[in-house]
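**Student:** Keeping their order, the protein sequence lines are chains A and B. Quick note on this note's numbering: the first sequence kicks off at 1 and runs consecutively. Quick note on this note's numbering: the second sequence kicks off at 1001 and runs consecutively. Each residue gets a CB set at the ideal place from its N, CA and C atoms; glycine is no exception.
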Amino acid sequence: MSSENSMKNETNHLRKMTTIWVILSLAADLLFWFWVGPHVPPGTMTSTAKSNQFDFTFLVLFALPVLIGVWVYLGYAIVTWSAKRDNVPEPIGGEVARSNRKAQVSWITITSIVVLFLAGFGTVAVINDHGSGGGEGPNPIWNPGGASKAEAAALTSNASWSPNSNQVLPVQVIAQQWKFTYRYPTFGGFESSELILPVGTTVAFNVTSLDVIHSFWAYQLSVKADANPQVNDVAYTDTKQLGNFTVRCSELCGLWHGSMFNYGKVVSQSDFMNWAKTTESANAANTANLPPFAWTYVPDANGAAGGYYPDGTVTPYSTVEVYGSKQPAS
Amino acid sequence: MTISAERPTEVAASSVSPPAQSGGTSWTQRPGWLSQHAGTAIILAILGYLLGHWMGNAISGNYDYIANSGQNAIADTFGLSFGVLGWLLGIGALNYPLAKLVGKEAAHEETVEGWSKYFRYSLDHKVVGLQYVVGVLLFMFTGGLLAMAIRTELLSPTTHVFSPDTYIKIVSEHGTIMMMMATSIIVGPLGNYLVPLMIGARRMAFPRIEAFSFWIFVAGYGVIFSALPYGGFPTGWTGYAPLQTQAGPGMVSYLLGFAVIGMGMMAAGFNIAVTIINYRAPGMTWSRVPIFVWSILATAALLTLATPVLFAGGLFGLLDKTAQTAFYVTEHGGSSYLWQNLFWFFGHPEVYIMALPGFGIVGEIMPVFTRKPLFAYKVAAAGMIGVALLSFFVWQHHLFQSGINPDMRPLFMLTTELISIPTGFIYLVGMGTLYKAKIRFEVPMLFCMALFFNFLIGGVTGVFLSDVPVNVTVHGGFFVLSHFHYTIMGGLLFAFMAGLYFWLPKMTGKMMNKKLGLVHFWTMFVFFNLTFFPMFVIGLLGQPRRVFTYAKNLQGLNDFSSMMAFCLGLSFLIFFANLMWSMFISPVKAPANPWESLGLEWQTASPIPAHNFERIPVILTDPYHYSEVGAPALADFGDGGLVSSNSTTGSSPA
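Pasting the structure below:
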């Protein structure tokens, strides 16, 4: 009789908690999905931004019930089982309180299923979305169609990009203390301190550094790739909307790390073409002073980390282009 | 006593330590100022530093690149290394190994009574534990002051309190100090003090190694602070490589500091693991070991296995800076990824070095205040071992956007998310223990409940970070900063506070003031959350970590976070006030077992005798038989009286 009573009591506690939990979780999930979801960073400017925004929102749908579940339980326990209340029964020790096979097995099963599902979900997302805008290193394996061709062509002199051709646009991001510059191999390899991109285009960012590790973070584009010296770190995205975006360094790179940002623009394909052609000819004299377009460069003798032997000479056996060596003395 | 003779009696015979005073013929036993203590250690450390620095200059001062740069990393490395050696020599850590080295019988360390024993090379784990309490609090206080400085600078994106140079030094020192402190904050004070008491041992397995781990920890504090007079280092606590190679002499302090602290971590981990495995009292089977001891064992394993990688990585960096090797210099055939991999191969187990002892404390304290046995004990132990094992397989999630092999990313996303399964066990255990309990909300219990609240937010945001697509937005920003403050500060530090309020009465014989404790708890809990929760939003809105200036539309949130951080700082002052008040100004004598705990550590006499137990107890059951009718006795202390697990007072049998 008494054991039946306690069973009933037990289900009562759990049923109450579950009811509160389901109601609160549903409300929180719905509120988040419809009210907050559309505003979740990084917005919808590119394909990667859009799917990363969806991924974040999707994870929140799982996170909120987990948070609320534990909080409801803790709150319920604090209110119901506080020793300060008069009618709290003495707890029961012994075997019944030490373990509960059902509770343990279901807890472990449920958490395992959720975790494995989320890992699978993330894997599908990262593969389908060509690396989700993250740096994939020099040999990306999830590249969009046409990317390898465009990347291979970029190193040759006949690299080209034209509007409405559905071509992938390779852009090189060169990070150094403490600024980003961008080279466009399909337009004679000119270098610009502005990042201008055409809309409706797959862009392949080739990120490298001349000194320490930086991280190229185009916030609204949802692209983030570390800039390592001597490494070409590739990331992809599809531009979908016109507008401005911010580029920040997100890997500590020394004194002015916090000031290492600039702004970029996504413009129409014809505007981009005009800008690129104009800049290419306007910068021709400067471009001649740059080393030929390459995926990585060795910094010149002023370079921060490398290139130096103790006697002050530049690395003699370097076979790659020395960045800045042809620049006129300033 | 017929029960459980699985542990031979020579344990009891051989564990009579610290060794008794021997004869007085030893050369180390000199009266007054000539004997070895912290003072002689400081003197020899300074002399050692000067000697080393001179040697370094003599050896390498005539190289052009050193003479031209005005910076001699070799002299700095030699100076600091010899300084540490002098420190160890001065404190007496080397007496024993040196004597053995020349074939002599080593003299016993002095056993000193009174407060001055805390400034000496003591072999008593209870002294070392209290030394560690003061040591980690000193670390925490300095690191906390630096945090206040960071938040002051971030009050405005345009008006600056510090120069960017000073700011980056502060950020780097704050991170490094806090990480070094956090590796030892529970293992050091509570692990050293409580493990022998909890497993029924009279001492640690290697008391000299234990004392060494503390005193080299203090030396590490000195080494990492020496970065400031050297001009600081600009790399943050992660010390990424080309920036590390580029940095000035302050970097030597960082690299050597981690190597020195690393020696202490390895020593502590090794000693504690051996102690737990070999020094358990008769009858203390693996299924009766307190859950805190399980957590410390898992942590000790991580300390022993992960730290050597950091140690080696740091030495490579030092060689790059001094001997012109090129481990991390890409242009000369090295790789900047090498440091990232070595560092995080240590760095991620390190994160669990900081989390596991917190879980152990919570598991130990909750049964006391719920008057219920620990729920699912085996699951809790399995969870800790599982976390410890998995923590070696997740490190590359720090490198998701770094350009590592892209096909590694799903793997590390999977392993990282898997680790939330054993972490979730701890929640099952906590929630199961609360079920139908009768909860007494004393200060330690409040801190435990707060850990469950905070760590949940830290853990759930960890799943966001491990998801590669979401990681693109949150990596390297304030989101991840907030995430690890929620796990380390919200988890570990709250657990440490719970542990201090809970065990200080046993350790010092004095109660912490409850009113001040409540004020401390509520201010710390509320202001911690108000400080760090906005940082998730700041990070999502695009603020990278370790920045000196930031976008002006984020000033409101940053200002709010800073204000709350100052209040959080005040909360720590309340804690220090409470500590001073309760320990020194107006001490109240603690009862032998103020929380009515069944733990073995509470069953020995109060104050704890020099050898912990008059006789090695024979353990009869686990210490969680709360509210159990007819519960078996916990242990046989060999003096004729069994301590009943069921007794509410649980006082000493003496």
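1. Do you know offhand how far K16 of chain A's Cα is from V70 of chain A's?
2. Please list, in chain order, the chain A residues whose beta carbon lies closer than 9 Å to that of L1554 of chain B.
3. Please classify A1635 of chain B as buried or exposed, where buried requires at least 16 neighbouring CB atoms within 10 angstroms.
4. Can you pull the chain B residues whose beta carbon is under 7 Å from the beta carbon of Y219 of chain A, in chain order?
5. Among B:V1468, B:V1102 and B:P1249, whose alpha-carbon lies nearest the alpha-carbon of G1079 of chain B?
6. Among A:F205, A:A235 and A:R248, which has the Cα closest to the Cα of A218 of chain A?
7. For chain A, is any of its Cβ atoms less than 8 Å away from the one on M1413 of chain B?
8. Identify, in the order they occur along the chain, each residue of the same chain with its Cβ nearer than 7 Å to the Cβ of Y1121 of chain B, setting aside the five sequence neighbours on each side.
9. I need the straight-line Cα distance from A1399 of chain B to K1515 of chain B, nearest angstrom please.
10. Distance check for I1261 of chain B and N1513 of chain B, CA to CA, integer angstroms please.
11. Measuring only the C-alpha atoms, how far is S1081 of chain B from A1495 of chain B?
12. With DSSP as the reference, identify every bridge partner of T239 of chain A, one or two as the case may be.
13. Alpha carbon to alpha carbon, what distance is there between E1350 of chain B and A1073 of chain B?
14. For L1418 of chain B and L14 of chain A, I'd like the C-alpha separation in whole angstroms.
15. What does the Cβ neighbour count give for M1284 of chain B, buried or exposed, with the cut at 16 atoms within 10 Å?
16. Residues of chain A with CB closer than 7 Å to the CB of M1449 of chain B, please, in chain order.
17. If the criterion is Cβ atoms closer than 8 Å, does the pair R1460 of chain B and L24 of chain A meet it?
18. Using a Cβ-Cβ distance cut-off of 8 Å, determine whether E1628 of chain B contacts chain A.
19. Please tell me whether G1232 of chain B and S1172 of chain B are closer than 8 Å, where the distance is taken between their beta carbons.
20. Going by DSSP, what residue range makes up the beta strand (DSSP E) through I174 of chain A?
21. What residues in its chain sit with their C-beta under 6 Å from that of S160 of chain A, if we drop five residues either side in the sequence?
22. Using a Cβ cut-off of 8 Å (strictly closer), state whether N158 of chain A contacts chain B.
23. At a CB-CB cut-off below 9 Å, which residues of chain B make contact with Q230 of chain A?
24. Pull up the CB-CB distance for M1445 of chain B and F1369 of chain B, whole angstroms please, since I reckon it's below 8 Å.
25. What are the uninterrupted segments assigned as alpha helix (DSSP H) that are 4 or more residues long and contained completely in the stretch 1487-1535 of chain B, given in chain order?
26. Can you pull the chain B neighbours of L24 of chain A, defined as C-beta to C-beta under 9 Å?
27. Between which two residues does the beta strand (DSSP E) harbouring P198 of chain A extend?
28. Which residue spans inside the stretch 1422-1447 of chain B form an unbroken alpha helix (DSSP H) run of at least 4?
29. Between the C-alpha atoms of L1256 of chain B and V115 of chain A, what's the straight-line distance to the nearest angstrom?
30. What does the alpha-carbon distance come out to for the pair L1044 of chain B and M1055 of chain B?
31. Given that E1417 of chain B touches chain A, what residues does it touch there, using C-beta distances under 7 Å?
32. Can you pull the chain B neighbours of N52 of chain A, defined as C-beta to C-beta under 8 Å?
33. Can you pull the chain A neighbours of Q1401 of chain B, defined as C-beta to C-beta under 7 Å?
34. For L242 of chain A and W142 of chain A, I'd like the C-alpha separation in whole angstroms.
35. Which first and last residues belong to the alpha helix (DSSP H) in which Y1132 of chain B is found?
36. Using the beta-carbon of each residue, which ones in chain B are nearer than 7 Å to G131 of chain A?
**Tutor:** In short, the structure shows the following:
1. If you draw a straight line from the Cα of K16 of chain A to the Cα of V70 of chain A, it comes to about 14 Å.
2. None at all; the shortest Cβ gap to chain A is about 12 Å.
3. buried
4. G1542
5. B:P1249
6. A:R248
7. yes
8. Q1036, I1091, G1092, A1093, E1109, A1211 and W1215
9. In the sequence as presented, Ala is not what sits at residue 1399 of chain B; that position holds Leu. Roughly 46 Å separates the two Cα atoms.
10. 33 Å
11. 34 Å
12. A:T46
13. 28 Å
14. 27 Å
15. buried
16. L74
17. Rather than Arg, the amino acid found at residue 1460 of chain B in this sequence is Val. Not closer than 8 Å, so no.
18. It does: the Cβ of E1628 of chain B has a partner Cβ on chain A nearer than 8 Å.
19. Taking 8 Å as the Cβ cut-off, G1232 of chain B and S1172 of chain B qualify as a contacting pair.
20. L169 to Q176 is the span of the beta strand (DSSP E), which, as asked, contains I174 of chain A.
21. T186
22. no
23. T1330, E1331, S1335 and S1336
24. About 4 Å; that satisfies the 8 Å criterion.
25. Listed in chain order, the complete alpha helix (DSSP H) runs (minimum 4 residues) inside the stretch 1487-1535 of chain B are 1494-1508.
26. Chain B residues near L24 of chain A: none, gap ~15 Å exceeds 9 Å.
27. Its beta strand (DSSP E) spans residues L195 to P198.
28. none
29. 40 Å
30. 16 Å
31. Taking a Cβ-Cβ threshold of 7 Å, the residues of chain A close to E1417 of chain B are V115, L118 and A119, in chain order.
32. P1469, V1470, V1472 and T1473
33. Going along chain A in sequence order, the residues near Q1401 of chain B (Cβ under 7 Å) are G134, G135, S215, K224, A225 and D226.
34. 26 Å
35. H1125 to E1153
36. P1406
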